[in-house]
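Just so you know, the protein sequences line up as chains Y and C, in that order.
Heads up: the first sequence at position 66 corresponds to 66 in full-length UniProt numbering, and the numbers run straight through without jumps.
Heads up: the second sequence at position 137 corresponds to 137 in full-length UniProt numbering, and the numbers run straight through without jumps.
Yeah, the Cβ is synthetic: ideal placement off N, Cα and C, and Gly gets one too.
Structure first, then comments.
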Amino acid sequence: MLNEERVKMMIKLASYEEGQGKEDFKVNSYYRKDYVSFRTIVTLIWTTIGYGLAVGLFFLVNLEKIFEGLTLAKFFLLGVLVVIGYIAVLIIYGMMAGSYYKKKHNEAKLRVKRYYRNLSRLSKMYKKENM
Amino acid sequence: MNSLYVWKEEMQKLYARYAKYIDKVLQLILGILVFGMINSKLGYMELAASKYVTAGLTVFFTFLPSVYMAVAAAVLILLHLFSLSMAVFAVTAAVFLMMFIFYFRFAPGTATILLLTPLAFVLKVPYIIPVVYGLIGTPVYVVPVACGTIVYFMLHFVSSSATAFKGSAGAEGLMNAVTEFTKQIFTNKEMLIFVLAFSVCLLIVYAIRRSSFDYAWKVAIAVGIIANVVLVVSGELVFDVHIPYGGMIGGNIVAGLIAVVLEFFVFTVDYSRTERIQFEDDEYYYYIKAVPKISVPAPRKTVKKINERQETTTLPADEIRGAGEVFDRDEEEDQQDLQRMIEKELEK
């Protein structure tokens, strides 16, 4: 005879495996420190590309204004501003990415833990039924 | 009013029962509107603009999470723009990539807002967006709403001045087109007004609806609508651009109505039964305000059949008479027993 509780547990586990579980298992396969560092580095690379695009578009919009009366001092100042902006964006996104991926890893770990606990409960249910 | 709450309960039950199908139908409608809108406004690539492609994309992406629909919409837009002009394609791709890098990588779930905001603009009801997302969202929703507004104005500009960018051949022509297009989209004053107005409005609505005073949600809706009008009109005066007042007033009325309906489904409380509790521990004083939710359970309907046809059989008259005798005799015996018991009790 079907055990209703067991079927419910199986549905819960299967739906987790098919949905959020896929991502969670991937995240959980890394140590937290490794995962956070790796994702933060990837974020910083993306941020560099994004910042490059943003600066490029800014220069395109203000091309005439920038080249109007451009001196070496102005050019140097502009370069310094671009670099300062880049460092600021890197720091902000680096910190944000660090805390975001730390939280993500913690949550995934908790969910995976809960999944394994439910899995062991399911196995006990089977054993109890077969006794 | 009570019947409305009952109706709400029934609607919620119905949704809970058929959520899977209702969500898919809503996603299908969203897909038809999004892909249809892109193909009708920017149908520069004939192959991609056909109604079969629209239908195919809609059906396919109905069965995938909505974030994939946003990606597909972006790719479709880029395909059309690639057919129009390399310059427009390059700038739009750069803008999309920046949006992805700086925000949507971290919150892909909010990509639906990126689809809904331009859609609301096309349907002439953009004012709904900041009010609704201020009510149900968080301050971070300012980013996808702003991105959606930028996307709408960018595409609107492309569709209204497509001929100017067609056939910009040669390296110099391409560079000029890129510069011109970038300048046009990022110095669009109307776009700046809407981005600023919607961001401020969303934050105001969010701040008010999170407050603990009575009728905070209703006040948030009203203030949000007023903020929309005041900010857009102020922007209009400052930047000297014309935004039609009819659409603004009509759009805000619709926004208010939709927000009230949303409040009815999401946040129904009874302020007349508010309880205030005050207590203290070693470190703090606590002032608690508890507002009960209104919930009227939907009545259970039981169907009672009054005129139900029953099978009848004819019994022989002797049997009926006999049964009557049995019944009479039983009743007589009961009476005698009762009499005997009473007499016994009296004798005691």
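- At least 7 Å separates the CB of Met-86 (chain C) from every CB of chain Y.
- Tyr-127 (chain C) has its alpha-carbon roughly 11 Å from the corresponding atom of Thr-149 (chain C).
- In the DSSP annotation of this structure, the continuous segment of the beta strand (DSSP E) that includes Glu-275 (chain C) starts and ends at 275-280.
- In chain order, Met-9 place their CB closer than 7 Å to the CB of Arg-121 (chain Y), counting only its own chain and leaving out the 5 sequence neighbours on each side.
- Residue pairing for Val-269 (chain C): DSSP places it in a beta bridge opposite C:Lys-293.
- Scanning its chain for C-beta atoms nearer than 6 Å, with the 5 sequence neighbours on each side dropped, one finds around Pro-108 (chain C) the residues Val-67, in chain order.
- Using a CB distance cut-off of 7 Å, Ala-88 (chain Y) does not count as an interface residue toward chain C.
- The alpha-carbon separation between Val-260 (chain C) and Gly-137 (chain C) amounts to approximately 16 Å.
- With a cutoff of 7 Å on beta-carbon distance, Pro-130 (chain C) and Leu-202 (chain C) are scored as near each other.
- Around the beta carbon of Met-131 (chain Y), a 10 Å sphere encloses fewer than 16 other beta carbons of the protein chains shown; the residue is thus reported as exposed.
- DSSP, read as helix, strand or coil, puts Ile-306 (chain C) in coil.
- Boundaries of the alpha helix (DSSP H) around Phe-181 (chain C): 171-186.
- When Cβ pairs closer than 8 Å are counted between the two stretches, the region 209-220 of chain C is seen not to touch the region 71-88 of chain C, the count staying below three.
- Contact between the region 63-72 of chain Y and the region 1-14 of chain C is absent, with fewer than three C-beta pairs closer than 8 Å.
- In this chain, Thr-110 (chain C) is not harboured by any alpha helix (DSSP H), its DSSP state being neither H nor E.
- In this structure Phe-213 (chain C) is exposed. Its beta-carbon is surrounded by fewer than 16 other beta-carbon atoms within 10 angstroms.
- Within the DSSP bridge table, the entry for Ile-288 (chain C) names C:Ile-277 as partners.
- Contact of Gly-50 (chain Y) with chain C is assigned, a C-beta pair being separated by under 7 Å.
- Here Arg-114 (chain Y) carries a helix assignment [DSSP, helix/strand/coil].
- Taking a C-beta distance under 7 Å as the contact criterion, Gly-50 (chain Y) and Ile-101 (chain C) qualify as a contact pair.
- Below 8 Å, enough C-beta pairs join the region 92-100 of chain Y and the region 31-46 of chain Y to call them touching: three or more.
- Within chain C, no C-beta atom comes nearer than 9 Å to that of Val-82 (chain Y); the closest sits roughly 16 Å away.
- A Cβ-Cβ separation of about 11 Å leaves Ala-70 (chain C) out of contact with Thr-117 (chain C) under the 8 Å criterion.
- Chain Y places a beta carbon closer than 7 Å to that of Lys-183 (chain C), counting this residue as a contact.
- Taking C-beta atoms as the reference points, Thr-54 (chain C) and Gly-43 (chain C) fail to come closer than 7 Å.
- Phe-61 (chain C) sits close to Gly-31 (chain C), with the two beta carbons spaced by under 7 Å.
- With distances taken between CA atoms, Val-42 (chain Y) lies nearest to C:Phe-106 out of C:Thr-58, C:Val-233, C:Phe-106, C:Asn-188.
- For the pair of segments examined, the region 251-265 of chain C was found to touch the region 221-236 of chain C: the number of CB pairs separated by less than 8 Å reaches three.
- Trp-46 (chain Y) and Lys-124 (chain Y) have their C-alpha atoms roughly 47 Å apart.
- One alpha carbon belongs to Ala-146 (chain C), the other to Tyr-133 (chain C), and they sit about 12 Å apart.
- The beta carbons of Leu-63 (chain Y) and Thr-268 (chain C) sit about 55 Å from each other, so the pair does not count as a contact at 8 Å.
- Residues of chain Y with a Cβ closer than 8 Å to the Cβ of Ile-29 (chain C) do not exist, since the nearest Cβ in that chain sits about 24 Å away.
- Looking at C:Glu-283, C:Asn-252, C:Ile-22, the one whose alpha-carbon comes closest to that of Phe-121 (chain C) is C:Asn-252.
- Judged by beta-carbon spacing, Ile-288 (chain C) lies within the 7 Å limit of Ile-277 (chain C), meaning their Cβ atoms are closer than that value.
- The CB of Thr-47 (chain Y) comes closer than 7 Å to the CB of Ile-101 in chain C, given here in chain order.
- Within chain C, no C-beta atom comes less than 7 Å from the C-beta of Ala-108 (chain Y); the nearest is roughly 15 Å away.
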